[in-house]
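Asks: Okay, here's the structure, questions in a sec.
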Amino acid sequence: MKIITILGARPQFIKAAVVSREIRKKYEEVIVHTGQHYDYNMSEVFFEELKIPRPHYNLGVNGGNHGKMTGEMLIKIEEVLLQEKPHLVIVYGDTNSTLAGALAAVKLHIPVCHIEAGVRLGTLHNPEEVNRIVTDHVSNLLLCCTKSGVGFLEKEGIKAQIALIGDPMYDAFNYYSNSLNNISRTLTGIEEKAITIPDKYYYLTCHRPENTDNKEALLEILKAADSLDSICIYPVHPRNKEAVTTLKKEYGFNNIYLCEPVSYMTSIYLLLHCKKVITDSGGLQREAFFAKKQCITVFNQVIWPETMINNRNQLANAKENDILEKLALEQSLAGCEEPFGDGNSAKKIVIAIEDFFSRKV
Ligand code: UD1
-15 MKIITILGAR PQFIKAAVVS REIRKKYEEV IVHTGQHYDY NMSEVFFEEL
35 KIPRPHYNLG VNGGNHGKMT GEMLIKIEEV LLQEKPHLVI VYGDTNSTLA
85 GALAAVKLHI PVCHIEAGVR LGTLHNPEEV NRIVTDHVSN LLLCCTKSGV
135 GFLEKEGIKA QIALIGDPMY DAFNYYSNSL NNISRTLTGI EEKAITIPDK
185 YYYLTCHRPE NTDNKEALLE ILKAADSLDS ICIYPVHPRN KEAVTTLKKE
235 YGFNNIYLCE PVSYMTSIYL LLHCKKVITD SGGLQREAFF AKKQCITVFN
285 QVIWPETMIN NRNQLANAKE NDILEKLALE QSLAGCEEPF GDGNSAKKIV
335 IAIEDFFSRK V
């Protein structure tokens, strides 16, 4: 069986690192990188560090408006699919690369497997929600990380095959956080900085257009980070580097330590050693949950309801006071469940794919 995996953005590389390892034990896999994330520390570093097989194709599509980016990807992915004739196309998550991959495949009658299916916020104003809904409704095999995902798909009347497989992000977290000390690597500059900070630091990531295209929102988030009782480390996504640097020049923000985007292992390192997390990332809020670190998600919609218990993950508005008030509440780890599976989702994905093809015959 030949499988084409479509990747394009940071969180997809991390999931593919664990899933591709399992797929390749049995099947031929061709990796297509759309090019959506292209800076060294947004893309290449993940392939090197996580030993993800080199993409067979890099389509070099990035930047521009959603329509242009998705359209160019669609054209180029279709060409690859026509040439490679795969039995299955795998797409991950909710980016423009996900949508383009799913659309290109379904039009060619190639089965689509969507990993991380069924996530819903309930608003089409979020660009990723559009990508999720369309992808789910054209996919043939929908693999959900949590029960809530399965519930949303059933509610929408999706008749395609659905399976609960757990979260491959949890597989990756378990694997790499346990082996962090055993892998021979020297600490990066930011990791060395982190361990010298007394009383620990806060870990901030913030890149969503909802928070960063709006200067006022970004300013409020930075003001909150600046008034914390310890340093806040903030690796800045390229989309908002200019805005953050300008505000830093204007306001000083001496309590915020800015750095370039970090690799996966460095991010896990920063997470494991930090005090609390402030983020708008769907991935980091789950990783904070896995690491049992309290998280404040600066966003107006719940992305992962499973994490929203005992103050472990709380939504905050992009307002200094709201972020600080939520951070002041302590979390409780009592009665913790494991809603993201048992860390074996990559194996379950391969089983689900085999089950899908056995039913088709
Ligand atoms: C995308 C996903 C988002 C995901 C995020 C992870 C969509 C709609 N959004 O958002 O769901 O959470 O990835 O990081 O697909 N840029 C660079 N260098 C890079 C990558 C991007 O300079 O390596 C620039 C782009 O040119 C663009 C901006 O950053 O101007 C935003 O990039 P884009 O790919 O549109 O989406 P993200 O914001 O990264």
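Going by the numbering used here, the first residue of the sequence shown is number -15, and it counts up by one from there.
A virtual CB, placed ideally from N, CA and C, is assigned to each residue, including glycine.
#1: With aspartate 326 and glycine 150 assumed to form a contact (beta carbons below 8 Å), what rounded beta-carbon distance in angstroms separates them?
#2: For lysine 35, collect the residues of the same chain with a Cβ closer than 8 Å to its Cβ; drop the 5 residues on either side in sequence, then sort them by chain order.
#3: Evaluate the contact criterion for the segment 127 to 138 versus the segment 98 to 106: three or more CB pairs, one atom per stretch, below 8 Å.
#4: Can you name the start and end residues of the alpha helix (DSSP H) that proline -5 belongs to?
#5: Would you say the beta carbon of alanine 378 is closer than 7 Å to some non-hydrogen atom of the ligand UD1?
#6: Is it true that the CB of phenylalanine 31 sits closer than 8 Å to the CB of isoleucine -2?
#7: Ordered along the chain, which non-local residues of its own chain (more than five positions away) have a Cβ less than 8 Å from that of alanine 227?
#8: Do you know how far the Cα of serine 123 is from the Cα of valine 90?
#9: CA-CA distance, isoleucine 7 and glutamine 269?
#10: How many Å lie between serine 316 and asparagine 297 at the Cα?
#11: Since lysine 10 and valine 282 should fall inside the 8 Å C-beta cutoff, what is the C-beta to C-beta distance between them, to a whole number of angstroms?
#12: Heavy atom of the ligand UD1 less than 7 Å from the Cβ of arginine 270, yes or no?
#13: Within 8 Å, do at least three Cβ pairs link the segment 302 to 312 to the segment 242 to 256?
#14: What number of angstroms, rounded off, separates the C-alpha of aspartate 210 from the C-alpha of glutamine 285?
#15: Please confirm whether isoleucine 174 and isoleucine 307 have their CB atoms less than 8 Å apart.
#16: For the beta strand (DSSP E) containing valine 96, name the first residue and the last one.
#17: Out of Val118, Lys276, Ile(-12), which one is the CA nearest neighbour of isoleucine 15?
#18: According to DSSP, simplified to helix, strand and coil, what is isoleucine 181?
#19: Give the secondary structure of glutamine 145 by DSSP, where H, G and I count as helix, E and B as strand, and everything else as coil.
#20: Assuming isoleucine 94 contacts proline 70 (C-beta within less than 8 Å), just tell me the rounded distance between them.
#21: Tell me whether asparagine 42 sits in a helix, a strand or coil according to DSSP, three-state version.
#22: Is the segment 176 to 187 touching the segment 210 to 221, taking contact as three or more C-beta pairs under 8 Å?
#23: Can you have a look at phenylalanine 273 and say buried or exposed, based on whether 16 or more other CB atoms are within 10 angstroms of its CB?
#24: How would you label phenylalanine 341, buried or exposed, when you count the other beta carbons within 10 angstroms and need 16 or more for buried?
#25: Could you check whether leucine 311 and isoleucine 280 sit closer than 8 Å to each other, using their CB atoms as the reference points?
#26: If you measure between the beta carbons of histidine 17 and asparagine 42, is that distance less than 8 Å?
#27: Expressed to the nearest angstrom, what Euclidean distance is found between the alpha-carbon atoms of glutamine 278 and glycine 19?
#28: On the criterion of 16 or more Cβ atoms from any shown chain inside 10 Å, does cysteine 190 qualify as buried, or is it exposed?
#29: Could you give the uninterrupted runs of the alpha helix (DSSP H) lying entirely in the segment 252 to 281, keeping only those of 4 residues or more?
#30: Alpha carbon to alpha carbon, how far is serine 132 from asparagine 165?
#31: Beta strand (DSSP E) containing asparagine 297: first to last residue?
#32: Where do the N-terminal and C-terminal ends of the beta strand (DSSP E) with leucine 206 fall, by residue?
#33: Secondary structure at valine 246, three-state DSSP: helix, strand or coil?
#34: Please identify the residue among Ser163, Phe157, Asn162, Asp213 whose C-alpha is closest to the C-alpha of proline 182.
#35: Tyrosine 187: buried (16+ other C-beta within 10 angstroms of its C-beta) or exposed?
#36: I need the straight-line Cα distance from leucine 255 to lysine 344, nearest angstrom please.
Replies: Answer, in terms of the structure:
#1: Taking the first residue of the sequence shown as position 1, residue 326 is located at position 342. Taking the first residue of the sequence shown as position 1, residue 150 is located at position 166. Contact holds; Cβ gap of about 6 Å.
#2: Position 51 of the sequence shown, counting from 1, holds the residue named residue 35. Once the five neighbours on either side are set aside, the close Cβ partners of lysine 35 are Ala1.
#3: yes
#4: Within the sequence shown, numbered from 1, the residue matching residue -5 stands at position 11. Looking at the DSSP string, the run of the alpha helix (DSSP H) that includes proline -5 is -6 to 10.
#5: Absent from the model: residue 378. The displayed extent of the chain is -15 to 345, so no value can be given.
#6: Here residue -2 refers to the residue found at position 14 when the sequence shown is read from its first residue. Here residue 31 refers to the residue found at position 47 when the sequence shown is read from its first residue. Contact: no.
#7: To locate residue 227, count along the sequence shown from 1; it is residue 243. So the list reads Thr196, Lys199, Leu202, once near-sequence residues are dropped.
#8: The sequence position of residue 90 within the sequence shown is 106, counting from 1. The sequence position of residue 123 within the sequence shown is 139, counting from 1. Answer to the nearest angstrom: the Cα atoms are 8 Å apart.
#9: Position 23 of the sequence shown, counted from the first residue, corresponds to residue 7. Position 285 of the sequence shown, counted from the first residue, corresponds to residue 269. In a straight line, the C-alpha of isoleucine 7 is about 27 Å away from that of glutamine 269.
#10: Here residue 316 refers to the residue found at position 332 of the sequence shown. Here residue 297 refers to the residue found at position 313 of the sequence shown. Looking at the two C-alpha atoms, the distance is approximately 11 Å.
#11: For the purposes of this step, residue 10 is taken as the residue at position 26 of the sequence shown. For the purposes of this step, residue 282 is taken as the residue at position 298 of the sequence shown. About 42 Å separates the two Cβ atoms, so there is no contact after all.
#12: By one-based count along the sequence shown, residue 270 stands at place 286. The answer is no for arginine 270.
#13: no
#14: Working through the sequence shown from its first residue, we reach residue 210 at position 226. Working through the sequence shown from its first residue, we reach residue 285 at position 301. Taking the straight line from one Cα to the other gives about 24 Å.
#15: As a first step, residue 174 is located in the sequence shown; it is residue number 190 there, counting from the start. As a first step, residue 307 is located in the sequence shown; it is residue number 323 there, counting from the start. Not in contact: isoleucine 174 and isoleucine 307 (Cβ atoms no closer than 8 Å).
#16: Here residue 96 refers to the residue found at position 112 when the sequence shown is read from its first residue. Per DSSP, valine 96 belongs to the beta strand (DSSP E) from 96 to 99.
#17: For the purposes of this step, residue 15 is identified with residue 31 of the sequence shown, where counting begins at 1. Closest by alpha carbon: Ile(-12).
#18: The sequence position of residue 181 within the sequence shown is 197, counting from 1. Three-state result, isoleucine 181: coil.
#19: The residue labelled residue 145 in the question sits at position 161 within the sequence shown. Glutamine 145 falls in the strand class under three-state DSSP.
#20: Position 110 of the sequence shown holds residue 94. Position 86 of the sequence shown holds residue 70. Confirmed, Cβ separation roughly 6 Å.
#21: Start at 1 with the first residue of the sequence shown, and residue 42 comes out as number 58. Of the three classes helix, strand and coil, the one that applies to asparagine 42 here is strand, per DSSP.
#22: yes
#23: Within the sequence shown, the letter at position 289 stands for residue 273. Counting Cβ neighbours within 10 Å, phenylalanine 273 comes out buried, since at least 16 surround it.
#24: On the sequence shown, residue 341 is found 357 positions in, with the first residue counted as 1. Flag for phenylalanine 341 reads exposed.
#25: Here the question's residue 280 lines up with position 296 in the sequence shown. Here the question's residue 311 lines up with position 327 in the sequence shown. In this structure, leucine 311 lies closer than 8 Å to isoleucine 280 by Cβ.
#26: Translated into the one-based positions of the sequence shown, residue 17 becomes position 33. Translated into the one-based positions of the sequence shown, residue 42 becomes position 58. Yes, the Cβ-Cβ distance between histidine 17 and asparagine 42 is below 8 Å.
#27: Residue mapping note: residue 278 aligns to position 294 of the sequence shown, counting from 1. Residue mapping note: residue 19 aligns to position 35 of the sequence shown, counting from 1. Approximately 33 Å between the Cα atoms of the pair.
#28: Residue numbering aside, residue 190 sits at position 206 when the sequence shown is read from its first letter. Burial call: buried.
#29: 266 to 274
#30: Position 148 of the sequence shown holds residue 132. Position 181 of the sequence shown holds residue 165. Each residue's alpha carbon lies about 34 Å from the other.
#31: Locating residue 297 in the sequence shown gives position 313, counting from the first residue. Unbroken beta strand (DSSP E) run through asparagine 297: 297 to 300.
#32: In the sequence shown, counting from the first residue as 1, residue 206 sits at position 222. Where leucine 206 is concerned, there is no enclosing beta strand (DSSP E), although the alpha helix (DSSP H) it sits in stretches over 199 to 210.
#33: Translated into the one-based positions of the sequence shown, residue 246 becomes position 262. Valine 246 falls in the coil class under three-state DSSP.
#34: In the sequence shown, the residue the question calls residue 182 occupies position 198. The shortest Cα separation from proline 182 among Ser163, Phe157, Asn162, Asp213 belongs to Asp213.
#35: Against the sequence shown, residue 187 aligns to sequence position 203. Buried, by the Cβ-count rule.
#36: For the purposes of this step, residue 255 is taken as residue 271 along the sequence shown, with counting starting at 1. For the purposes of this step, residue 344 is taken as residue 360 along the sequence shown, with counting starting at 1. Leucine 255 and lysine 344: Cα-Cα distance of roughly 43 Å.
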